[in-house]
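S.K.: Mind having a look at this structure? Questions to follow.
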Amino acid sequence: MATPTLEKTGNAEAGFADTPYITATFRIRRFNPEVSDEAQWQDFQISIDPKERVLDALHKIKWELDGTLTFRRSCAHGICGSDAMRINGKNRLACKTLIKDINPEKPILVEAIKGLTVLKDLVVDMDPFFQAYRDVMPFLVTKGNEPTRERLQSPEDRERFDDTTKCILCAACTSSCPVFWNDGQYFGPAAIVNAHRFIFDSRDEGGEQRLEILNDRDGVWRCRTTFNCTDACPRGIEVTKAIQEVKRALITRRF
Amino acid sequence: MQIHKYDTVIVGAGGAGMRAAIESTKRSRTAVLTKLYPTRSHTGAAQGGMAAALANVEEDNWEWHTFDTIKGGDYLVDQDAAEILAKEAIDAVLDLEKMGLPFGRTPEGKIDQRRFGGHSRNHGEAPVRRACYSGDRTGHMILQTLYQNCVKEGVEFFNEFYVLDQLVVEVDGVKKSAGVVAYELATGEIHVFQAKSVIYASGGTGKFFKVTSNAHTLTGDGQAACYRRGLPLEDMEFFQFHPTGIWRMGILLTEGARGEGGILRNKDGERFMEKYAPVMKDLASRDVVSRSIYTEIREGRGCGPEGDHVYLDLTHLPPEQLDAKLPDITEFARTYLGIEPYTDPIPIQPTAHYAMGGIPTNVEGEVLADNTTVVPGLYAAGEVACVSVHGANRLGTNSLLDINVFGRRSGIAAAEYSAKNDFVELPENPAQLVQDQVERLRNSTGTERVHTLRTELQECMDANVMVFRTEQTIKTAVDKIAELRRRYLDVSIQDKGKRFNTDLLEAIELGNLLDLAEVMATSALARKESRGGHYREDYPNRDDVNFMRHTMAYREVADDGTESIRLDYKPVVTTRYQPMERKY
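Protein chains in written order, with my numbering: chain A, 1 to 255; chain B, 1001 to 1584.
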């Protein structure tokens, strides 16, 4: 297939003699069942500032070369969790990955995250992922009468579950997990992270129920501690550690 | 085409939409239509806090909060609404805590509070700690907590459904809402949702600017859908430019950074805000700080080779404090600028941030068809709406508050309306407008590209209707927007498919941005005064005699099909605070 290219324009005239622009090749895994049942790689060559994000490159391709290229995105700075994808074989957010950090001298490989059905190009079916999340009762469970003011919680107790409150449900962790790739029934790291967020919240009284759910055949015991999830998390959550803490809580029933 | 029937339909699943959904699902059969998955909404990008006079850490009360909100809005705030906002803030925060929101805590275990711009003790004496927060992730925590509670309540979501038309039917001379028309991204199918009540909670319209903190998806879809059906838009000329966006990128760096002690400095290292706001300094209201930054830049005291930015200096704050209180924004500086905020100041510039104007509503969230008449069954809350609690300039932390207070109110009001009223009969061919729009774009062989027009629009808006405006710059914008609207008729897309056609949706979103940009520029041209976020260099003073009133913009279509904007005005509701000169 011919490689569409985009010549850089404007910079020389604008007086950027030491223009930072480079030419980079993006090799993107394309799939559109309206066109073909087969996925295929397609190369796009663009001129871009390496300090820009992979998301900027995808936009440049979509807006200037091929409007059919399809991906999800929204906030563009790593908060909304829309644009998790495999970039050079590793799960990342396209908006949080700068081109200079992924060796633009070689073709940059971009494909959909694994383990979830690809619907078009980089868009996957997120429903199984959110179903697993909903299955772990991801909400505060309390008993008895509500206090009139706030529930008290010491800064130490608040700190205990801080790491897992950072989750943006981007699915980078779950779709990096080899167990999840082989068995979509496994809850996956993200659901366990969100269970952890409540199990270790001193205000919550639903821990026992949640632990029973995670004690299931498809629960935490499927984790093989490969640490892919921790590596993949764009929020820096220690995902594997959180899963280990849930496992320990299941054994000791202390949390 | 599919037809669905729900008691209540909510458009948008950010903070306001989900807060409304939690109430309305308990009371009526509710569907939430959202163009994104709920947790993708831009509420999640809010950082610094949510204001409420809890008085957990120092003396405070909601009356002071009311005053600050009105003063912050440069007296264009409807004072009855501001009072509700400040009074209900306390329960709004406590409700979120009870829903599970992990607020930062004081040593005694209470919700901790921090300082924020424009929030003061005793009517402007000194900054007060009023912002309840969770690190610099308050919006993220609110969005997650509300989604968690939607899961708990079994809220029914239609994800990746774009609402493209509001069905307005005239019954016995009264405009009523009959439902909405949506486009399903996954399949390209068009859905009609007949509903007794509809709540718009679809967010802002910041993407008509180039340097903006807004998400790519903030394209004013709700405002445009209502406006095209003859409903007014209020105070669209008032747009907030947040002082501290990352230089050139616009990514938000919270005002909480200054609340924690951060300082703005020019190229000489001078703390320039002392000159412009002797009492509140770096914590003056956002419009004041943004103008001060651009004044420094214009007078040659900007930083960098092109002198086009200033610094946000956090280097004097202990690294532990930055890690604990500002973890995300310090990471943004590292990720996107390669700068270590422990040791180096962060280059910033004002960034287009928040629409004070929008769909006019009363304090129950009911949408207005003119200055006084409500549209039965139609509601709006959050940034899409104009209550008006923000007036000419919103205070930081009042938007997270707004979505919770007025999201809840409109959710209750809409569900109660649904319980008492019948469906309004759908118009004939309810999906006609959307079908025509989609088919026209899909079949167009025109030569204009969406990206080109959008870029020209954004550059025009940044250059002409940003922090400083004059008659000449606004006229330039009006003319340019008119040209772009003409060229838009000749726009074509490359993706002709049905499945996940984001190419098509971007074209539709551009149409919305163009309509709203025109309203904003036209409203700005007519407002010959300076107030809050609207600063006219040719009219640098506030003019209470002629302009202490809300702008109401209506789309008019002549018999020959030509469109124009008719401007009208609505009085400001004043209760106990008489306008004063605004000093910080």
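Don't be surprised by glycine CBs; every beta carbon is placed ideally from N, CA and C.
Values in this document were obtained by computation on a predicted structure and should not be read as measured data.
1) Applying a beta-carbon distance threshold of less than 8 Å, which residues of chain B neighbour ILE46/A?
2) In terms of DSSP beta bridges, what is THR1551/B paired with?
3) Using a threshold of 8 Å, state whether the C-beta atoms of PHE1239/B and ALA1352/B are closer than that.
4) Comparing the C-beta of VAL123/A with each C-beta of chain B, is any distance below 8 Å?
5) Since VAL136/A is in the alpha helix (DSSP H), which residue starts that stretch and which ends it?
6) Mapping DSSP to helix, strand and coil, what is ASP1313/B?
7) Does any residue of chain B bring its CB to less than 8 Å from the CB of PRO138/A?
8) In three-state terms, what does DSSP make of VAL1389/B?
9) In the DSSP assignment, find the alpha helix (DSSP H) that holds GLU1088/B and state where it starts and stops.
10) Tell me which residues share the same chain as THR1106/B and place their Cβ nearer than 7 Å to its Cβ, disregarding the 5 neighbours each side in the sequence.
11) May I have the straight-line CA-CA distance separating PRO234/A from ARG92/A, to the nearest angstrom?
12) Where do the N-terminal and C-terminal ends of the alpha helix (DSSP H) with MET85/A fall, by residue?
13) For SER1177/B, does the three-state DSSP call read helix, strand or coil?
14) Applying a beta-carbon distance threshold of less than 7 Å, which residues of chain A neighbour ASP1495/B?
15) To the nearest angstrom, report how far apart ASN1421/B and TYR1539/B are at their CA atoms.
16) Name the chain E residues whose beta carbon is nearer than 9 Å to that of MET1099/B?
17) By DSSP, does MET1050/B sit in helix, in strand, or in coil?
18) Residues in its own chain within less than 7 Å of ALA14/A by CB, not counting five upstream and five downstream?
19) Does LYS120/A get closer than 8 Å to chain B when you measure Cβ to Cβ?
20) What is the rounded straight-line gap between the Cα of LYS8/A and the Cα of MET85/A?
21) Looking at the structure shown, is PHE16/A part of a helix, part of a strand, or coil, going by DSSP?
22) So for ARG1542/B, helix, strand or coil by DSSP?
23) Going by the CB atoms, is the gap between VAL1155/B and LEU1167/B shorter than 8 Å?
24) Within 8 Å (strictly less), CB to CB, does GLN1349/B reach chain A?
25) Okay, do the stretch 1173-1180 of chain B and the stretch 1370-1386 of chain B touch, 3+ Cβ pairs below 8 Å being the bar?
26) Closer than 7 Å, Cβ to any Cβ of chain A: which residues of the stretch 1140-1166 of chain B, in chain order?
27) Assign MET1/A to one of two classes, buried (16 or more other C-beta atoms within 10 Å of its C-beta) or exposed (fewer than that).
28) Is there a Cβ from chain A that is less than 8 Å from the Cβ of LYS1210/B?
29) What are the start and end residues of each continuous alpha helix (DSSP H) run of 4 or more residues lying completely inside the stretch 73-137 of chain A, in chain order?
30) By Cβ distance below 8 Å, which residues in the same chain neighbour ASN1122/B in space, the five residues on each side in sequence not counted?
31) In whole angstroms, what separates the C-alpha of ALA1052/B from that of PRO1232/B?
32) Pull the bridge partners of ASP43/A from the DSSP assignment, please.
33) Hey, is TYR1309/B's beta-carbon within less than 8 Å of any beta-carbon in chain A?
34) What are the start and end residues of each continuous alpha helix (DSSP H) run of 4 or more residues lying completely inside the stretch 214-249 of chain A, in chain order?
35) Look up GLU1108/B in the DSSP assignment and say whether it is helix, strand or coil.
36) For chain A, is any of its Cβ atoms less than 8 Å away from the one on ALA1215/B?
M.R.: On the basis of the coordinates in this document:
1) Ordered by position in chain B, no residue passes the 8 Å Cβ test against ILE46/A, which lies about 13 Å from the chain.
2) TYR1569/B
3) yes
4) yes
5) Segment: none, VAL136/A is in no alpha helix (DSSP H) and carries neither H nor E.
6) strand
7) yes
8) coil
9) 1079-1099
10) ASN1056, VAL1057 and ASP1112
11) 6 Å
12) Element bounds for MET85/A: not the alpha helix (DSSP H) but the beta strand (DSSP E), 84-87.
13) strand
14) GLY67 and THR68
15) 49 Å
16) Within the model displayed, chain E is absent; protein chains A and B are what it includes.
17) strand
18) Note on ALA14/A: pLDDT 39, under 50, position unreliable in the model; the coordinate value appears next. If we look at ALA14/A and ignore the five residues flanking it on each side, it has no Cβ neighbours.
19) yes
20) Note on LYS8/A: pLDDT 45, under 50, position unreliable in the model; the coordinate value appears next. So the two alpha carbons sit approximately 26 Å from each other.
21) Confidence in PHE16/A is poor, its pLDDT being 42 and thus under 50, which makes the residue's placement unreliable; the coordinate value appears in the next sentence. Looking at PHE16/A - three-state DSSP - the assignment turns out to be coil, as it is neither helix nor strand.
22) coil
23) no
24) no
25) yes
26) HIS1140, MET1141, GLN1148, ASN1149, VAL1151 and LYS1152
27) With a pLDDT of 45 at MET1/A, under the threshold of 50, the modelled position of this residue cannot be trusted; read the value that follows with caution. By the neighbour-count rule (16 or more Cβ atoms within 10 Å), MET1/A is not buried but exposed.
28) no
29) 127-135
30) TRP1064
31) 31 Å
32) ARG27/A
33) Strictly speaking, residue 1309/B in this sequence is His, with Tyr absent from that position. Judged by the 8 Å Cβ criterion, HIS1309/B is not in contact with chain A.
34) 228-232
35) coil
36) yes
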